[in-house]
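Undergrad: First residue of the sequence shown? That's 1 in UniProt numbering, and the numbers climb one at a time after it. The C-beta atom is built at its ideal place from N, Cα and C for all residues, glycine as well. Small disclaimer: the values here were computed from a predicted structure and weren't measured.
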Amino acid sequence: MDFFNYHNNQLFAEEVNIKTLADELGTPLYVYSRATLERHFKAYADPLADQPHLICYAVKANSNLAVLDVLARLGAGFDIVSVGELERVLAAGGEPDRIVFSGVGKQAHEIRRALEVGIKCFNVESIPELERIERIAEEMAVKAPISLRVNPDVDPKTHPYISTGLKANKFGIGFELAREVYRQAAAMQHLDVVGVDCHIGSQITQIDPFLDALDRLLVLVDQLAEDGIQLQHLDLGGGLGVRYSDETPPLPSAYVRALRERLADRSYELIFEPGRAIAANAGILVTRVEYLKAGQDKHFAIVDAAMNDLLRPALYDAWQEIIPVTPHPENHPSRVWDIVGPVCETGDFLGKDRQLALEPGDLLAVRSAGAYGFAMASNYNSRNRPAEVMVDGSQWHLVRQRESYEQQMAGEFTLPSQ
Ligand code: LLP
Numbered sequence: 001m002d003f004f005n006y007h008n009n010q011l012f013a014e015e016v017n018i019k020t021l022a023d024e025l026g027t028p029l030y031v032y033s034r035a036t037l038e039r040h041f042k043a044y045a046d047p048l049a050d051q052p053h054l055i056c057y058a059v060k061a062n063s064n065l066a067v068l069d070v071l072a073r074l075g076a077g078f079d080i081v082s083v084g085e086l087e088r089v090l091a092a093g094g095e096p097d098r099i100v101f102s103g104v105g106k107q108a109h110e111i112r113r114a115l116e117v118g119i120k121c122f123n124v125e126s127i128p129e130l131e132r133i134e135r136i137a138e139e140m141a142v143k144a145p146i147s148l149r150v151n152p153d154v155d156p157k158t159h160p161y162i163s164t165g166l167k168a169n170k171f172g173i174g175f176e177l178a179r180e181v182y183r184q185a186a187a188m189q190h191l192d193v194v195g196v197d198c199h200i201g202s203q204i205t206q207i208d209p210f211l212d213a214l215d216r217l218l219v220l221v222d223q224l225a226e227d228g229i230q231l232q233h234l235d236l237g238g239g240l241g242v243r244y245s246d247e248t249p250p251l252p253s254a255y256v257r258a259l260r261e262r263l264a265d266r267s268y269e270l271i272f273e274p275g276r277a278i279a280a281n282a283g284i285l286v287t288r289v290e291y292l293k294a295g296q297d298k299h300f301a302i303v304d305a306a307m308n309d310l311l312r313p314a315l316y317d318a319w320q321e322i323i324p325v326t327p328h329p330e331n332h333p334s335r336v337w338d339i340v341g342p343v344c345e346t347g348d349f350l351g352k353d354r355q356l357a358l359e360p361g362d363l364l365a366v367r368s369a370g371a372y373g374f375a376m377a378s379n380y381n382s383r384n385r386p387a388e389v390m391v392d393g394s395q396w397h398l399v400r401q402r403e404s405y406e407q408q409m410a411g412e413f414t415l416p417s418q
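1) Residue ranges of each beta strand (DSSP E) run of no fewer than 3 residues wholly in the segment 167-243, ordered along the chain?
2) Please say whether V89 and I99 have beta carbons closer to each other than 9 Å?
3) Measuring alpha carbon to alpha carbon, tell me which residue in R262, Q401, N381 and L148 is nearest V389.
4) What I want to know is whether the C-beta of L217 ends up closer than 8 Å to one or more non-hydrogen atoms of the ligand LLP.
5) Please say whether R149 and C198 have beta carbons closer to each other than 9 Å?
6) Considering only heavy atoms of the ligand LLP, does any lie closer than 8 Å to the CB of R98?
7) What does the Cβ neighbour count give for Y255, buried or exposed, with the cut at 16 atoms within 10 Å?
8) Sorry if obvious, but does the Cβ on E110 come closer than 8 Å to a heavy atom of the ligand LLP?
9) For the ligand LLP, I want to know if Q350 counts as a neighbour, meaning its beta carbon is within less than 8 Å of at least one of the ligand's heavy atoms.
10) Using a Cβ-Cβ cut-off of 6 Å (strictly less than) and excluding sequence neighbours within five positions of P342, which residues of its own chain qualify?
11) Buried or exposed, going by whether 16 or more other CB atoms sit within 10 Å of the CB of G283?
12) What separation, rounded to the nearest whole angstrom, lies between the Cα atoms of V193 and F210?
13) Assign N308 to one of two classes, buried (16 or more other C-beta atoms within 10 Å of its C-beta) or exposed (fewer than that).
14) Looking only at its own chain, which residues have a Cβ that is under 7 Å from the Cβ of N9, when we skip the five neighbours before and after it?
15) If you count every other CB in all the chains shown that lies within 10 Å of the CB of P152, and 16 or more means buried, which is it?
16) Should G370 go down as buried or exposed, given a rule of 16 or more other Cβ atoms within 10 Å for buried?
17) Put K157 into one of helix, strand or coil per three-state DSSP.
18) DSSP three-state call for T27: helix, strand or coil?
19) At the level of alpha carbons, what is the spacing between R266 and P329?
20) What's the call for N123, buried or exposed, on a 16-neighbour Cβ count within 10 Å?
21) Could you check whether T27 and V286 sit closer than 9 Å to each other, using their CB atoms as the reference points?
22) Kindly examine the ligand LLP and report whether one of its heavy atoms sits closer than 8 Å to the Cβ of D304.
23) Consider the C-beta atom of Y182 and the heavy atoms of the ligand LLP; say whether any pair is separated by less than 8 Å.
24) Go through the segment 105-136 residue by residue and report every complete run of the beta strand (DSSP E) that reaches 3 residues or more, in order.
25) Could you say which of E247, F12 and P252 lies nearest to A318 if we only look at CA atoms?
26) Give, in chain order, every unbroken run of the alpha helix (DSSP H) that is at least 4 residues long and sits entirely within the segment 250-290.
27) Starting from Q395, follow the beta strand (DSSP E) in both directions and report where the run begins and ends.
28) Hey, would you say the C-beta of R312 is under 8 Å away from at least one heavy atom of the ligand LLP?
29) Within the present structure, is the beta-carbon of Y316 separated from the nearest heavy atom of the ligand LLP by less than 8 Å?
30) Could you check what DSSP says for Y372 in three-state terms: helix, strand or coil?
31) Can you look up D353 in the DSSP assignment and give me helix, strand or coil?
32) Between the C-alpha atoms of Y30 and E176, what's the straight-line distance to the nearest angstrom?
33) Looking at E273 and the ligand LLP, is the gap between the Cβ and the nearest heavy atom below 8 Å?
34) Can you check the segment 45-87 for any beta strand (DSSP E) of at least 3 residues that lies completely inside it and give the ranges in chain order?
35) Check whether the Cβ of K60 lies closer than 8 Å to any heavy atom of the ligand LLP, and answer yes or no.
36) How would you call V242, buried or exposed, if buried means at least 16 neighbouring beta carbons within 10 angstroms?
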């Protein structure tokens with residue numbers, strides 16, 4: 001559930017009129033709802049209240065400082081995949097000892113910085129990475145807390161680009177190898193083996209793949225106990241899907257309950273790394289219709305947002321709902337439109353075959369744009385990246401200025417004159 005609703009035929013975010021925001025700040029514009037972010041975070045946290053846990057929001061979904069700030073204030077931890085994300089979490093007031101560091105390509109300087117600030121855990125994805133962390137920890141005379149990200153080889157039944165827990169994927173350490181790699185890790189002087197981790201994919205709409213992955217982790221955990229390796233936490237990754245159209249993903253509470261049942265009385269700290277489930281439906285992208293164009297076979301609504309602002313439709317053929325900010329009266333003629341951006345690519349669309357009543361100048365909202373929206377934005381076609389706003393009840397705060405052309409070109413140089 002979110003807080004983007006119509007009042008008197010106007011779309012609101014909480015108590016703020018979207019049209020007012022768009023008129024004042026321009027479009028394209030990302031609008032986030034603080035109450036929605038908080039609600040989604042609590043949907044994870046509440047069913048875990050009576051047991052040790054840490055909800056490490058996956059920063060990659062939306063790394064705006066204000067989003068991180070809202071979550072840090074609720075006691076969130078953070079799942080990061082780069083030092084850029086680490087610096088953002090710290091700048092937003094996140095606690096270093098609530099950060100887990102995932103990703104297959106951690107560089108030496110990133111590992112050093114993470115050890116310097118004292119993160120909770122590295123989710124290690126390969127033997128060479130383990131050796132690199134051991135060497136750097138030795139140089140710094142510290143012990144590095146580590147988990148192995150195990151690849152449980154289960155099919156999450158999601159889009160192939162965002163499925164990560166199959167043998168064929170680049171992620172994690174193969175299930176059959178994991179026991180031996182744990183032995184190697186336990187023998188390293190500067191590593192502290194604290195947990196196990198898995199993440200099987202994203203936009204997963206069923207519980208079974210998560211349970212299958214957990215079952216496999218528990219087999220491993222028992223084998224490790226036989227080897228004298230006692231773990232403190234289980235990190236079950238992120239990946240819980242959201243409703244974009246008619247999907248029916250389990251609620252976070254049902255998902256957490258099902259996993260807890262499977263764990264019975266095993267007492268581990270549970271870590272989750274949700275990104276999309278917290279941020280996706282907490283944001284919309286507001287855009288204005290520039291032109292209505294009749295093609296031979298299709299009608300195009302050309303809007304001022306494009307694939308550089310919201311890449312998911314172009315990249316994954318993802319479907320996101322597009323709704324009018326101020327709906328026309330019911331008797332206004334409607335037709336089927338492709339909602340497309342100004343970028344010079346056929347793949348530059350936000351939605352296809354949408355039945356809408358439109359006029360030039362209308363405002364549209366692309367829903368479910370809070371996760372993997374701005375975070376994947378680029379300057380393609382030398383377009384400035386959009387502004388971002390956080391709504392909080394009847395107030396709103398500009399949390400990122402619209403990029404300027406000066407900012408876009410900052411750091412670039414022409415060649416010296418001869
Ligand atoms: N943990 C790890 C290690 C991850 O790789 C990811 C996402 C997450 C947590 C968070 O997953 P979530 O709860 O958000 O599903 N750009 C794609 C999604 C890519 C997800 C990559 N990894 C999209 O727009 O659909």
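TA: Checking against the coordinates, here is how it stands:
1) 191-197 and 233-235
2) Numbered from 1 along the sequence shown, position 99 holds the residue referred to as residue 99. Numbered from 1 along the sequence shown, position 89 holds the residue referred to as residue 89. Against a cut-off of 9 Å, the Cβ pair of V89 and I99 comes out as a contact.
3) Numbered from its first residue, the sequence shown carries residue 389 at position 389. Nearest option by C-alpha distance: Q401.
4) In the sequence shown, residue 217 corresponds to position 217, counting from 1. Not so, every heavy atom of the ligand LLP lies at least 8 Å from the Cβ.
5) Your numbering for residue 198 matches position 198 in the sequence shown. Your numbering for residue 149 matches position 149 in the sequence shown. A contact, by the Cβ cut-off of 9 Å.
6) Translated into positions along the sequence shown, residue 98 becomes position 98. It does not: the Cβ of R98 is nowhere closer than 8 Å to a heavy atom of the ligand LLP.
7) Locating residue 255 in the sequence shown gives position 255, counting from the first residue. By the neighbour-count rule (16 or more Cβ atoms within 10 Å), Y255 is buried.
8) Position 110 of the sequence shown, counted from the start, is the residue given in the question as residue 110. E110 Cβ: outside cutoff for every heavy atom of the ligand LLP.
9) Against the sequence shown, residue 350 aligns to sequence position 350. Here the sequence assigns Leu to residue 350, which means Gln is not the residue at that position. No; taking the cut-off as 8 Å, the Cβ of L350 has no heavy atom of the ligand LLP nearer than that.
10) Counting from one through the sequence shown, the residue named residue 342 turns up at place 342. Within the same chain, P342 has close Cβ partners A306.
11) Taking the first residue of the sequence shown as 1, we reach residue 283 at position 283. Counting Cβ neighbours within 10 Å, G283 comes out buried, since at least 16 surround it.
12) Within the sequence shown, the letter at position 193 stands for residue 193. Within the sequence shown, the letter at position 210 stands for residue 210. In this structure, the alpha-carbon of V193 lies about 23 Å from that of F210.
13) For the purposes of this step, residue 308 is taken as the residue at position 308 of the sequence shown. Buried, because 16 or more other Cβ atoms sit within 10 Å of the Cβ of N308.
14) For the purposes of this step, residue 9 is taken as the residue at position 9 of the sequence shown. Closer than 7 Å at Cβ, skipping near neighbours: T326 and P327.
15) What you label residue 152 is simply residue 152 of the sequence shown in a count that begins at 1. With 16 or more other Cβ atoms within 10 Å, it is buried.
16) Numbered from 1 along the sequence shown, position 370 holds the residue referred to as residue 370. Buried, by the Cβ-count rule.
17) Numbered from its first residue, the sequence shown carries residue 157 at position 157. Three-state result, K157: coil.
18) If you number the sequence shown from 1, residue 27 lands on position 27. DSSP places T27 in coil when its eight states are reduced to three.
19) Numbered from its first residue, the sequence shown carries residue 266 at position 266. Numbered from its first residue, the sequence shown carries residue 329 at position 329. C-alpha separation (whole angstroms): 58 Å.
20) For the purposes of this step, residue 123 is taken as the residue at position 123 of the sequence shown. Result: buried.
21) Along the sequence shown, read from residue 1 onward, the residue named residue 286 stands at position 286. Along the sequence shown, read from residue 1 onward, the residue named residue 27 stands at position 27. Against a cut-off of 9 Å, the Cβ pair of T27 and V286 comes out as a contact.
22) For the purposes of this step, residue 304 is taken as residue 304 along the sequence shown, with counting starting at 1. The ligand LLP has no heavy atom closer than 8 Å to the beta-carbon of D304.
23) Looking up residue 182 in the sequence shown gives position 182. No, the ligand LLP has no heavy atom inside 8 Å of this Cβ.
24) 121-124
25) The residue labelled residue 318 in the question sits at position 318 within the sequence shown. Among E247, F12 and P252, the Cα nearest to that of A318 belongs to E247.
26) Segments of the alpha helix (DSSP H) lying fully in the segment 250-290: 252-263 and 276-279.
27) Here the question's residue 395 lines up with position 395 in the sequence shown. Residues Q395 to R400.
28) Here residue 312 is taken as the residue at index 312 of the sequence shown, counted from 1. Checking every heavy atom of the ligand LLP against the Cβ of R312, one is found closer than 8 Å.
29) By 1-based counting over the sequence shown, the position of residue 316 is 316. Checking every heavy atom of the ligand LLP against the Cβ of Y316, one is found closer than 8 Å.
30) The residue labelled residue 372 in the question sits at position 372 within the sequence shown. Coil at Y372, not helix or strand.
31) Position 353 of the sequence shown, counted from the start, is the residue given in the question as residue 353. D353: strand per DSSP, three-state reduction.
32) Mapped onto the sequence shown, residue 30 falls at position 30. Mapped onto the sequence shown, residue 176 falls at position 176. Rounded to the nearest angstrom, the two C-alpha atoms are 44 Å apart.
33) In the sequence shown, counting from the first residue as 1, residue 273 sits at position 273. Checking every heavy atom of the ligand LLP against the Cβ of E273, one is found closer than 8 Å.
34) 53-58 and 77-80
35) As a position in the sequence shown, residue 60 is number 60, starting the count at 1. Yes; taking the cut-off as 8 Å, the Cβ of K60 has a heavy atom of the ligand LLP nearer than that.
36) The residue you call residue 242 lines up with position 242 of the sequence shown. Buried is the call here.
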